[in-house]
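The opening position of the sequence shown corresponds to residue 1 in UniProt numbering, with each subsequent residue numbered one higher.
No residue lacks a Cβ here, since even glycine has one placed at the ideal position from N, Cα and C.
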Amino acid sequence: MTTVDGQALSTILQMAQEPILLVSEEYIILDVNNALTDKLRLKKNLLVGTSLTNFCSKEDLEQTSKSHLKQIILKTKKNKCICYALIIEPSTQGEKETIAPPRENTSYATPIQKNIKDYSNTNYQYLEAIISEIPVSVYWMNKDYIYLGCSNSMAKLLNLQSRHDIVGKTYADLYDKKSADFYRKSDKSVIENGISLSLEEPLYQADGTKLIYLSKKVPLHDSDGKIIGMLGISADITERKQMESDLKLAKEAAEAADRAKTEFIANMSHDLRTPISGVIGMAEILEDALDDNEHKTEAHMIHDSGEELLSMFNDILDDIKAGNINYEEVQEEAFDLYESINDLIKLELPTATAKKLGLHLEIDEAVPRNIISDRKKIQRILLNLLGNAIKFTQAGNITVQVKCVERNNDRIKVQFTVSDTGIGIPKEWHSKIFERFFRSTPSYKGIYKGYGLGLHIASSYVNLLGGQITLTSKEGEGSTFQFEIQCQIANPPDKKGEPPLLTINPNQPSTNSPLCLLIEDNVAALKVLEALATKAGFNYKSATSGEEALDLIKSLSFDLIITDIGLPGISGTEFCSLTRLWEKENNKTPQPIVGLTGHAREIAYDECIASGMNDVFTKPANLELIHSLIERFSLGDSSREQEKKETTPDLVLHDLPATEDELFQLEQYALLDDEQALINCGNNKVLLTELLTSIINKEVPEDLEKMKKAYAIHDFSMVEKLAHKIKSGAVYVGATRMKYACQYLERYWKSGQRDLFEKLYQQALFVIDESIHEIHHWIDNQ
């Protein structure tokens, strides 16, 4: 064996990655590789020279062999590992002992060299067995690029009878020119530059197929450090590369599909939103231009219907974008059932009105407002049933009823009924009516348009939600579709609150109800106003800024406007002045405007009246105030002097206490006055819970963060404004201590005082934090 052979074998042994040990016939450990010491977490000198019997069982000892690597289990006090052992006999030929890696290995499995001083002279009688154990292609050559040896795997790959047949051969003897040129270039870099290379190499076979190998090539050195050749280890990765290629193609196809989807959504968004937006815009213009109340109402219906259609369309597009379109899965969420059904009524209202049909919605008071179910599927079911009812009814009424038929703790069975006075369905069709593409009249007759899918979809969705749809119908008298589904209650039902009852009749237009404009920048306060307006029988529009409100008063005529005084941007008084100016310039009848202030009424009264307001009240507003406003302004008395005489002055609430000490004596005020808060919310506990949740999770944290940033840059005017905003919400939800902490901070700065401002600011932060914890506790106990 040549020096190059020895160095090649030595290098192979050093590259072994499996735990391997070499033992004598007496089971004395002669050598171990680094992989073994790493596994057992023992230094080499603690293993070499000791008996193998200290680390393995008798059964494992009997497994060891002189001709093959054998798998045994080594154990220490703390660790154990599977390793490969080989018995080495002392050689009389002055050669080195070697061991090989396990045949089970599929990576760069290689043996390691034994360097025990006591066994410096060993033989190579094991070389044949060692090389045969290596499952990858191993080869070595001298610096003249002549092969001197290889593994059995390499010989098999090259169709050689024996691994020894490679000795003396060159690239030209073994490979096609294309492969040979590639190997020569990489091998030359290793031998001439003394560097190691890791690279992918091709192997072109006689049949034209191409294999890909991952190779590691290293230079071989003699005892003087001179390069005498090269060693290479190559593993076939053709299948892996094919998988990578397939994966890349699949990725590119997916990306192309995603781009196509994105482009489709963008086109759909433009192509559908544009005409819908046009309808909404023209409805607004038409409503503004019309003087006749009935026609204005119809234009307003078109506008609302367009808005609902656009909202549904946006939901569908959002689902497509997010990849959430799966008609076979139930996607539950918490939602407002009343609002969802009212949205459908608004969508179908113009069609029903055009046909002079009565459209009624009746929701049983036992049905909770907030439930957990698949909102979109319930809406789709009702939309299809409602659409069919309107389509097949020429005169009379359509009624949607929602009832609670069963309740068990937080579970409820809800019954939905859609009935009409239409043409009815013949009895012989009852069993077929829910089949896909079934039509009661052939499409070629053109009497009723459609594809026969609506009832099939409705029935499928009801089944998916665990229910069953039933039909009761008599030809010429009308039809009733009914289904029941199990839902979970999202919030405790409001026992005192009454569900909305919507009745649309062509002979009794809805414009008889007053239309109110509510202006409030605090979300919680606005929700309370909306709830109070609904309970008092108002129709309303909401705005969160004076600018938004100005746009509304130019397009709609309101019976009453209620505005917060401390709005961002245009204040409540500025909004009122601009409104009065616009009314005068356009010869419009002045609309009653009432202000709400978080300060004492007497402080804001003169400024509000001077701006053109009819009156101003101290927050919080309540149902009694709303009722009094309806009664008061329905009398038609617009004389401010008369109003002033008839109005009972509010109790004067001092914005600042008489002494500085009292500024910091807030313990007298409740962190949460839930009884007063319930009164403020019209005894609607569900609404109060929603408002409190919103305040502590969104409004207050956001405003508090802004306040801290403003304070850090000494923008104390902004601190004052944000304190006012937080106070507005606190008033309505009964957070009395937070209300006063913010009020004192705000008014102290506004009064021109500065000495205690920082202390009041820190007090406000502390009280807000206290209040949030108290509100959390209240919500958790509901």
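Could you tell me how far apart the beta carbons of Tyr213 and Ser198 are, in whole angstroms, since I believe they sit closer than 8 Å?
Locating residue 213 in the sequence shown gives position 213, where the first residue counts as 1. Locating residue 198 in the sequence shown gives position 198, where the first residue counts as 1. Not really, about 11 Å apart at Cβ, beyond 8 Å.
Run the CB neighbour count on His295, radius 10 Å, all protein chains shown included, and call it buried at 16 or more, exposed below.
Working through the sequence shown from its first residue, we reach residue 295 at position 295. Label assigned to His295: exposed.
Give the secondary structure of Met613 by DSSP, where H, G and I count as helix, E and B as strand, and everything else as coil.
Start at 1 with the first residue of the sequence shown, and residue 613 comes out as number 613. DSSP places Met613 in coil when its eight states are reduced to three.
In the structure shown, what three-state DSSP assignment does Val767 receive?
Here residue 767 refers to the residue found at position 767 when the sequence shown is read from its first residue. Correct three-state label for Val767: helix.
Flag this pair as yes or no: are the beta carbons of Leu672 and Trp778 separated by less than 8 Å?
For this step, residue 672 is matched to residue 672 along the sequence shown. For this step, residue 778 is matched to residue 778 along the sequence shown. Yes, Cβ-Cβ distance for Leu672 and Trp778 is below 8 Å.
If Leu560 sits next to Cys516, beta carbons under 8 Å apart, how far is it from one beta carbon to the other, in whole angstroms?
Working through the sequence shown from its first residue, we reach residue 560 at position 560. Working through the sequence shown from its first residue, we reach residue 516 at position 516. With a Cβ gap of about 5 Å, Leu560 and Cys516 count as contacting.
Identify the continuous alpha helix (DSSP H) that holds Ala525 and give its terminal residues.
Here residue 525 refers to the residue found at position 525 when the sequence shown is read from its first residue. Run containing Ala525: Val523 to Lys535, per the alpha helix (DSSP H) assignment.
In the DSSP assignment, what residue or residues form a beta bridge with Pro202?
Here residue 202 refers to the residue found at position 202 of the sequence shown. Answer by DSSP bridge pairing, in chain order: Ile212.
Taking C-alpha atoms, which residue in Ile146, Cys150 and Ile469 lies nearest to Val138?
Reading the sequence shown from its first residue, position 138 is the one you call residue 138. Ranking Ile146, Cys150 and Ile469 by Cα distance to Val138 puts Cys150 first.
Can you tell me whether DSSP reads Gly546 as helix, strand or coil?
Locating residue 546 in the sequence shown gives position 546, where the first residue counts as 1. It is helical.
Can you say whether Ser611 is buried or exposed, counting buried as having 16 or more other CB atoms within 10 angstroms of its CB?
On the sequence shown, position 611 is the one that residue 611 refers to. The residue in question, Ser611, is buried, as its Cβ has 16 or more Cβ neighbours within 10 Å.
Taking only the alpha-carbon atoms, compute the straight-line gap between Gly467 and Ile378 and give it to the nearest angstrom.
Translated into positions along the sequence shown, residue 467 becomes position 467. Translated into positions along the sequence shown, residue 378 becomes position 378. C-alpha separation (whole angstroms): 11 Å.
Below 7 Å CB to CB, which residues in the same chain sit around residue 794 once its five sequence neighbours on both sides are set aside?
Beyond the ends of the chain as shown, which are 1 and 782, falls residue 794; an answer cannot be given.
In whole angstroms, what is the alpha-carbon distance linking Gly358 and Asn397?
Here residue 358 refers to the residue found at position 358 when the sequence shown is read from its first residue. Here residue 397 refers to the residue found at position 397 when the sequence shown is read from its first residue. Their Cα atoms are separated by approximately 4 Å.
If we call anything under 8 Å between Cβ atoms a contact, is Leu36 one with Leu21?
The count along the sequence shown starts at 1 and reaches residue 36 at position 36. The count along the sequence shown starts at 1 and reaches residue 21 at position 21. It is a contact, given that the beta carbons lie within the stated cut-off.
Determine the closest residue to Arg557 out of Met312, Glu287, Glu308 and Leu581, with distance taken between C-alpha atoms.
Locating residue 557 in the sequence shown gives position 557, where the first residue counts as 1. The sequence shown places Ser at residue 557, not Arg. Ranking Met312, Glu287, Glu308 and Leu581 by Cα distance to Ser557 puts Glu287 first.
Suppose only complete runs of 3+ residues qualify. What are the beta strand (DSSP E) ranges in the region 18–48, listed by chain order?
As far as the region 18–48 is concerned, its whole beta strand (DSSP E) runs of at least 3 residues are 20–23 and 29–32.
Hey, how far is the Cα of Tyr75 from the Cα of Asn45?
Along the sequence shown, one-based indexing puts residue 75 at 75. Along the sequence shown, one-based indexing puts residue 45 at 45. It is Lys, not Tyr, that sits at residue 75 in the sequence shown. Roughly 17 Å between the two C-alpha positions.
Please report the distance separating the alpha-carbon of Ile519 from that of Cys576.
As a first step, residue 519 is located in the sequence shown; it is residue number 519 there, counting from the start. As a first step, residue 576 is located in the sequence shown; it is residue number 576 there, counting from the start. If you take the alpha carbons of Ile519 and Cys576, they lie about 11 Å apart.
Indicate whether the contact test is met: 3 or more Cβ pairs, each with one atom in the region 712–719 and one in the region 615–625, closer than 8 Å.
The region 712–719, when compared against the region 615–625, does not touch it at the 8 Å Cβ threshold.
Quick check: the region 424–431 against the region 475–488, are at least 3 beta-carbon pairs closer than 8 Å?
At 8 Å Cβ cutoff, the stretches touch.
DSSP three-state call for Ile99: helix, strand or coil?
Start at 1 with the first residue of the sequence shown, and residue 99 comes out as number 99. Only weak support exists for where Ile99 lies, its pLDDT of 35 falling under 50; the coordinates are left without a value.
Taking the beta carbon of Asn314 as the centre, do at least 16 other beta carbons fall within 10 Å, making it buried, or is it exposed?
Start at 1 with the first residue of the sequence shown, and residue 314 comes out as number 314. Classification of Asn314: exposed, given that the 10 Å Cβ count is below 16.
Quick one: Cα of residue 793 to Cα of Gly168, how far?
Absent from the structure is residue 793, since the part of the chain shown begins at 1 and ends at 782.
Go through its chain and collect everything with a Cβ distance to Glu646's Cβ below 6 Å, but skip five positions before and after it.
The residue given as residue 646 occupies position 646 in the sequence shown. No answer about Glu646 holds up, because its pLDDT of 32 lies below 50 and its placement is not dependable.
Taking Ser179 as the reference, which of Ile562, Ile412, Gln205 and Ile565 has the closest Cα?
Counting from 1 along the sequence shown, the entry for residue 179 is found at position 179. Ranking the options by Cα distance to Ser179, first place goes to Gln205.
Where Glu239 and Ala253 are concerned, what is the direct C-alpha to C-alpha distance, given to the nearest angstrom?
Position 239 of the sequence shown, counted from the first residue, corresponds to residue 239. Position 253 of the sequence shown, counted from the first residue, corresponds to residue 253. So the alpha carbons of these two residues sit roughly 21 Å apart.
Is Pro202 a contact residue of the ligand ADP, with contact defined as CB to any heavy atom under 7 Å?
Absence of the ligand ADP is noted for the structure shown, with no ligands found whatsoever.
Quick one: Cα of Tyr27 to Cα of Glu62, how far?
Looking up residue 27 in the sequence shown gives position 27. Looking up residue 62 in the sequence shown gives position 62. Going by the C-alpha atoms only, they are around 10 Å apart.
Note down the Cα distance separating Ile570 from Ile562, rounded to an integer number of angstroms.
Taking the sequence shown and counting its residues from 1, one reaches residue 570 at position 570. Taking the sequence shown and counting its residues from 1, one reaches residue 562 at position 562. Each residue's alpha carbon lies about 15 Å from the other.
Within this structure, are the beta carbons of Met613 and Ile626 separated by less than 8 Å?
Position 613 of the sequence shown, counted from the first residue, corresponds to residue 613. Position 626 of the sequence shown, counted from the first residue, corresponds to residue 626. Against a cut-off of 8 Å, the Cβ pair of Ile626 and Met613 comes out as no contact.
State the Cα-Cα distance for the pair Ile82 and Lys188, rounded to the nearest angstrom.
Along the sequence shown, read from residue 1 onward, the residue named residue 82 stands at position 82. Along the sequence shown, read from residue 1 onward, the residue named residue 188 stands at position 188. Each residue's alpha carbon lies about 39 Å from the other.
Taking 6 Å as the limit between beta carbons, can you name the residues of its chain near Leu691, skipping five residues before and five after?
If you number the sequence shown from 1, residue 691 lands on position 691. Closer than 6 Å at the Cβ level, and outside the excluded window around Leu691, lie Ala524, Lys527 and Val733.
Assign Phe575 to one of three DSSP states: helix, strand, or coil.
Walking along the sequence shown from the start, residue 575 turns up at place 575. Of the three classes helix, strand and coil, the one that applies to Phe575 here is helix, per DSSP.
Quick one: what's got a C-beta closer than 6 Å to Met707's C-beta in the same chain, skipping five residues either side?
Numbered from its first residue, the sequence shown carries residue 707 at position 707. Here the set comprises Val719 and Leu722.
Is the region 344–363 touching the region 397–413, taking contact as three or more C-beta pairs under 8 Å?
Touching, per the Cβ criterion.
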